Structures are given as C-alpha cells and as structure tokens.
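Protein chains in written order, with my numbering: chain D, 4 to 334; chain X, 4 to 334. Idealized CB from N, CA, C, for every residue including glycine. Only a predicted model underlies this, so the values are computations on that prediction, with no experimental measurement involved.
Number of protein chains: 2
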Amino acid sequence: MSGERPCRGEFELIADLFAPLSRNAPGALGLIDDAALLDISPGCQLVATTDTLIAGVHFRHDDLPDLVARKALRVNLSDLAAKGARPIGFLQALSLNPSIDDAYLQRYAAGLAADVDRFGAALLGGDTTSGPGPLSITITAFGEVENGKALLRSTARRGDVVCVTGTIGDAALGLACLDAALNLPAPLAEDLSSRYRLPEPRLTTGRALLNLASACLDISDGLVGDLGHLCKASGLAATIERDSIPLSPAARAAIAQDSRWWESIFGGGDDYELVFATAPGRVSELKKLSADLNVALTPIGVLSGPEAGTGVTVRSGGHPIDIARPGYRHR
Amino acid sequence: MSGERPCRGEFELIADLFAPLSRNAPGALGLIDDAALLDISPGCQLVATTDTLIAGVHFRHDDLPDLVARKALRVNLSDLAAKGARPIGFLQALSLNPSIDDAYLQRYAAGLAADVDRFGAALLGGDTTSGPGPLSITITAFGEVENGKALLRSTARRGDVVCVTGTIGDAALGLACLDAALNLPAPLAEDLSSRYRLPEPRLTTGRALLNLASACLDISDGLVGDLGHLCKASGLAATIERDSIPLSPAARAAIAQDSRWWESIFGGGDDYELVFATAPGRVSELKKLSADLNVALTPIGVLSGPEAGTGVTVRSGGHPIDIARPGYRHR
Chain D
4 MSGERPCRGE FELIADLFAP LSRNAPGALG LIDDAALLDI SPGCQLVATT
54 DTLIAGVHFR HDDLPDLVAR KALRVNLSDL AAKGARPIGF LQALSLNPSI
104 DDAYLQRYAA GLAADVDRFG AALLGGDTTS GPGPLSITIT AFGEVENGKA
154 LLRSTARRGD VVCVTGTIGD AALGLACLDA ALNLPAPLAE DLSSRYRLPE
204 PRLTTGRALL NLASACLDIS DGLVGDLGHL CKASGLAATI ERDSIPLSPA
254 ARAAIAQDSR WWESIFGGGD DYELVFATAP GRVSELKKLS ADLNVALTPI
304 GVLSGPEAGT GVTVRSGGHP IDIARPGYRH R
Chain X
4 MSGERPCRGE FELIADLFAP LSRNAPGALG LIDDAALLDI SPGCQLVATT
54 DTLIAGVHFR HDDLPDLVAR KALRVNLSDL AAKGARPIGF LQALSLNPSI
104 DDAYLQRYAA GLAADVDRFG AALLGGDTTS GPGPLSITIT AFGEVENGKA
154 LLRSTARRGD VVCVTGTIGD AALGLACLDA ALNLPAPLAE DLSSRYRLPE
204 PRLTTGRALL NLASACLDIS DGLVGDLGHL CKASGLAATI ERDSIPLSPA
254 ARAAIAQDSR WWESIFGGGD DYELVFATAP GRVSELKKLS ADLNVALTPI
304 GVLSGPEAGT GVTVRSGGHP IDIARPGYRH R
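Below, the structure is given as structure tokens:
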C-alpha cells in the first residue's frame, strides 16, 4: 500500500488483517503494490467518492471498532447509491495513533470484512499512517454506472415531487439517546442508536431510481440541508409537508415527548436515506417499486420554479413553519 | 463535496478555493455533488492510489502551504508514474483544525492549482472535515494505463538489471539540512531541501518504461527498502553496487564530509525516483531514452535468485557492506 512506512508493523498489519479483504480483486495486487488497477465495464463510467470519519467528530470514541469500520465504508457506499452506481471496491487511508492497539484493529478489520462480503466491494489498496491525532479513516469508494445515466443533484425539474426513502431523523435521535439527551424505552432507543451507528446505504434503491428519479442525493447533513443542496444545484425551491415526512415509531415517541425533536428530523444528519425528485406522473410507480424493494418511498413535497428562489420551506397545517436548526454537527 | 459539513464555511471554501481547480473536468460536477464521474479511455484500466500526509509526520509544520499541497499531490502522482499511468485527476480529503486559517488555505489552494495545471490532473471532488488533530491531507489520484500493461512490483525476472532514475538520497539529506543535522554551503543545502519539499513525479519516464521495464516502483521509503519490496514481490534477490548509485553534487559533498551519510542514500525516503528492472539485453536502450527524456537512468545492480533469497545486498570494492538503517521515518 503506497510505500509509506510511518508505523512499525504496517506491512504485517496489512498482510494479516487487510490483504484477506482484497482476495476477490486481482486489481488490488495483493495490497503489496503502489496502486490498484480497476476494469470499468464497457458502456460505464467510474463513480468515485471519498469521506473521512474522525474519532470524536464523526463517531464516538466508545463506538465499537467493527461498527466504526462498517460505518466508514457505508457512508461512502451511500454516496454511490445516490448516484445509482454499483459498488466495485474501495481504498482505505487509515491514520492510527499509539492508543489504537492490535485488538482494536482486529475487530475493525473483522467489521470491514463483513461489509466487504455483504456489499461485494473489495478493499483495493490504501495507506496506513500514524500520528498524534485521533483515529481517522478516509475511504475512497468506487462504483460504476451506465454512461450518462448517473443521478445528479442538479437535474431536478420544476413541478417534480420530492420523495425520501425509509424514515427520517432516526440517526440524530439515536445520537441524542447515546448522549442521554433523549430518554426513551430501551427497545426504541436501541432502534434509533443502531441507525446512527450502522447506516444502510440504499444501493439497490439507487439503482432502481436510475430511470425514475430526475435528481437525487443522500441525507448526510439533514433532510432540509441536503434537500437545499438539491434545490440550489437545480435552481429550484422546495416546499415540503412536515406531516408527510416518514417517521419511525421511535421518532414518533420522541416527538410525543417533546415537539422540539422535530428539529432533529429536519436538521439531523447521518440518516443516509436518499432524497430524490421525480415527475408527478411517475409517483404511481413508486408504490410498486416500494413493495418490490421493501423500502418505504414517500412523497413529502414539491419543487417549484426558480422565481421562488432556491430555499426549502417546511409547512404544517397549511402554514410555513420556522426551522431553528438547519445545520448539523455529526457529534 | 460528499455532504459532510463539519466545519463552518466548508461550502464557501470549496466554491472559492477549490472549485476553480475542477473547471476542466465535467465529471467533477462543480464539486457540488456526492461523487465524481470519470470516463476511462477504451482499452485502458483505471489506476488508483491514495496517500496521506500529516503535518509533523510527513511534512514540517513550517513547510510553506503551497509546497505542502503540491507535495501531497505529487507523492500520489509518483505512484501513478511507477505504474506507467497517465494522470486523470484526484480526490482530496482535507482534515483541518482551528489553527489552519484562510490565508493558509489560500496559499495551499494556489499551490495545488499550479500543479493541477502542470500535470493536467483536475480536482474531481473530496471531503473537508475539521478535528483536533494536525492538518492531514489524503489525496486519491486516478490515472489510466493500457489494459494489462501496468508496471508491477512482482514481475521482475532473474538476471534483470536494477536501474534508478535521477539521483538518490537527496530528499533525506535535504531534510537533514532543514533539521540542521547536516551543514552544507547554502546553494547545496537548498538543492537538497528542495528535493525534500517538492518531489518530481517521474510520469513521463514511467510512461516510457512501459515497454522497457519488467517491474517498477517509486522510492518513497528509501532505495534499499523499496528495492526490497520489488525483490520480495518478485521472489528474487538484488545485489547493488554502492559506487554505481547516482548521486547529486550536494550528496557527494555530504558524503565527503562524513561517510555516515551513505545511510541516507541507502535508507532515506521521499526521493520519489523510480527503481526498476529491465532485461540485460535492453540496457543499451536506456542511454537513448535518458537523452530523449533528459533524465538520468542508471544501472546499479542485478537480480538473482530465488535460491539467493529475496534480500538486497549492497557491495562496495567487491565486498558486501552493512546497512545500518534500512528503514526510514519521513520526519
């Protein structure tokens, strides 16, 4: 991997823990070379994305190492999902520090191995460094998508319906449970915190949306913020109905306790659901697709033309409501 | 870039400083999307590599920001060079901290812009995060190479001649000058320290070696260590002649001062020259190629084995000599 040797035992680490994760990928060159080689299918484009997760910033120091590894991979796979891409593999740049011991790395690698198998995305190479900072994981994921078919943020059309996959806000509420800011019965709290710890990249749904969505992205910063990115890129405004936003039973319980938790629904990140636009005439196709995929696909609003600006308005009971917390910090 | 928003002003930063670096790459999607799209030329494979540089570990805290940016890109381009690949573009995962101010980032981006133009490798996307650790830069570089033609580490043959590009050891000696461990006249010290600060990826030479070298890698950890990687991957042993190793005038001056600086020639990293193997019958072609490229291409030894193991022996005056310091720390 890349020729750096900043930490003692890097080569042994790679050979023991990480080389097995590349065994189905000849282009990984056994993780002993400078770079990986990838074949892209004829008629396809490469899709590439990178995301960094830093301990204490993007995940909790006490999160289990196997879940940390899986989350680091999955947030990248979620970006591929948002493009409608099929995953191929990934590079991993791992920055360690002296507090990360072999036991941690073994559990980390075991978690990564589980998701390599599950998503069919091999480890293709990377770099392992060591420094004084917190554990930091940068994964660069590769996928492929048919030429010219990738879902973009910028191609929504006026009049399109705004839809989301799954349920919204669970991860932020789960973090609130872990931080003891929100108290719910244990099974509900567990449902929410598992959404925070282990997101589910919507890869199959993203592929299915290739011919149905006009624009798409994944919700990492929060519904309103990310929909705002779609609006800005497409030059359109969005109006969404608060009471159409799909919520889990646990999220409903949180809101029943205190309506201020709506702010976590609007602005809480880490859901890794998809928000997408589709033509009104195609909304009827969503129901069948939802049943086929066993994934909720819910219309929550509409896009209007550039004269209305490029903002996001949330309505409830026929009136716009204030959004107090549009941004989001992952921890 | 990727939907993360951990630092205030990330979007402004990207729009102001980094989006201009993507202007010649439609697949960068203006750096406002989740992922980049890349077209690979027909008949070619993608080559992908990633390297992390951490302040205080891989570069000095007082290195100039423009040079830091260029080095971060160039060490990755060097990995592409070692594969014989043509660069296409790169993703940048930048982990900032509160001590990195706008002035630093402006100079950083200006340096990166200079090398984007110089090497024709556009910024295609990335992720910007902020944490408590030192500045950390992970670049993932993409190139392409004709199917099945990439130079590997594992394909050297018994009897092949070992060659290197350029001069060896300069970067490590340059670091010694910067650290005041080595005192040389200012012009010589400057020659050496510039090799440390701004390596020259051997992209043109790598392309030219596609049909000439049997195996290749770049020297990031040190000549003996990296040649050892080639040996291990190819299952061969290397014997190199100390007095054949090409040295710069400044390196000769260092050795004239104290012969212990040989250790920096053998084991000093950050040179980013190429070490490659070629069939003995093709050594005569190197001279012409060297003249065409204006790059020194110097035979320094031979590969034998596998009965001789997979180690590297350095000889001088007909006898093997001890190598006291095979490893290398970048700082």
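D:Gly321 has its alpha-carbon roughly 48 Å from the corresponding atom of X:Thr143. Fully contained in the stretch 251 to 299 of chain D are the following alpha helix (DSSP H) runs of length 4 or more, in chain order: 252 to 260, 265 to 270 and 286 to 296. Under the 7 Å criterion on CB atoms, D:Ile91 is classed as non-interfacial with respect to chain X.
X:Ile248 carries a coil assignment under DSSP once its states are collapsed to helix, strand and coil.
The closest CA to that of D:Asn150, considering only D:Ser44, D:Leu115, D:Ala112 and D:Asp120, is found on D:Ser44. In this structure, X:Leu115 is the residue among X:Leu201, X:Ser196 and X:Leu115 with its C-alpha nearest to the C-alpha of X:Leu20.
Shown here for D:Arg156: same chain residues with a beta carbon closer than 8 Å to its own, the five before and five after excluded, namely Ala218, Cys219, Leu220, His232, Leu233, Ala236 and Ser237 in chain order.
Residue contact with chain X for D:Asp104: absent (no Cβ-Cβ distance below 7 Å to any residue of chain X). Beyond the five residues adjoining it in sequence on each side, X:Ala211 comes within less than 7 Å, by CB distance, of Leu292 and Leu296 in the same chain, given in chain order.
The count of Cβ pairs closer than 8 Å, one atom from the stretch 256 to 271 of chain X and one from the stretch 200 to 214 of chain X, stays below three, leaving the stretches out of contact.
For the pair D:Tyr199 and D:Gly225, the CB atoms are not nearer than the 7 Å cut-off. DSSP places D:Pro101 outside both helix and strand once states are collapsed to three, so it counts as coil. Contact between D:Ala38 and D:Ile140 does not hold, since the beta-carbon distance rounds to 20 Å and is not under 8 Å. Looking at the DSSP output, X:Thr207 bridges to nothing.
For the stretch 194 to 210 of chain X, no residue has a beta-carbon sitting nearer than 9 Å to a beta-carbon of chain D.
DSSP places D:His232 inside the alpha helix (DSSP H), whose first and last residues are Leu226 to Ser237. Contact between D:Ser251 and D:Asp173 holds, with the beta-carbon distance rounding to 5 Å and staying under 8 Å.
Neighbours of X:Ala294 in chain D, taken as residues whose beta carbon is under 7 Å from its own, are absent, since the nearest beta carbon is some 27 Å off. Collapsing the DSSP output to three states places X:Val60 in coil. Annotation for D:Pro323: Thr316 place their beta carbon closer than 6 Å to its own, counting only its chain and skipping 5 residues before and after. Against chain D, a Cβ distance below 9 Å from X:Arg156 picks out Leu32, Ile35, Asp36 and Asp37.
CA-CA distance, X:Arg26 to X:Leu300, rounds to 36 Å.
Per DSSP, reduced to three states, the secondary structure at X:Glu15 is helical.
D:Glu147 carries a strand assignment under DSSP once its states are collapsed to helix, strand and coil. Contact annotation, D:Ala84 with D:Leu277: C-beta distance approximately 7 Å; criterion of less than 8 Å satisfied. Within 7 Å of the CB of X:Gln48, the CB atoms of chain D belong to Leu40, Leu41 and Asp42, in sequence order along the chain. At a C-beta separation below 9 Å, X:Leu127 has these neighbours in chain D: Ala51. Contact between the stretch 299 to 313 of chain D and the stretch 241 to 250 of chain D is established, with three or more Cβ pairs separated by less than 8 Å.
D:Leu220 sits in a strand when the DSSP states are folded into three classes. Here X:Leu70 is not near X:Leu94, since their CB atoms are 7 Å or more apart.
The DSSP-derived three-state label of X:Ser44 is coil.
Collapsing the DSSP output to three states places X:Arg110 in a helix.
Secondary-structure assignment with DSSP links X:Gly304 through a beta bridge to X:Val165 and X:Ile243. Under the Cβ criterion of 7 Å, X:Leu99 is not counted among the residues facing chain D. In the three-state reduction of the DSSP assignment, X:Ala38 falls in the coil class, being assigned neither a helical nor a strand state. Taking the Cα of D:Arg63 as reference, the smallest distance to any Cα among D:Cys180, D:Lys152, D:Gly30 and D:Ala18 is reached at D:Cys180.
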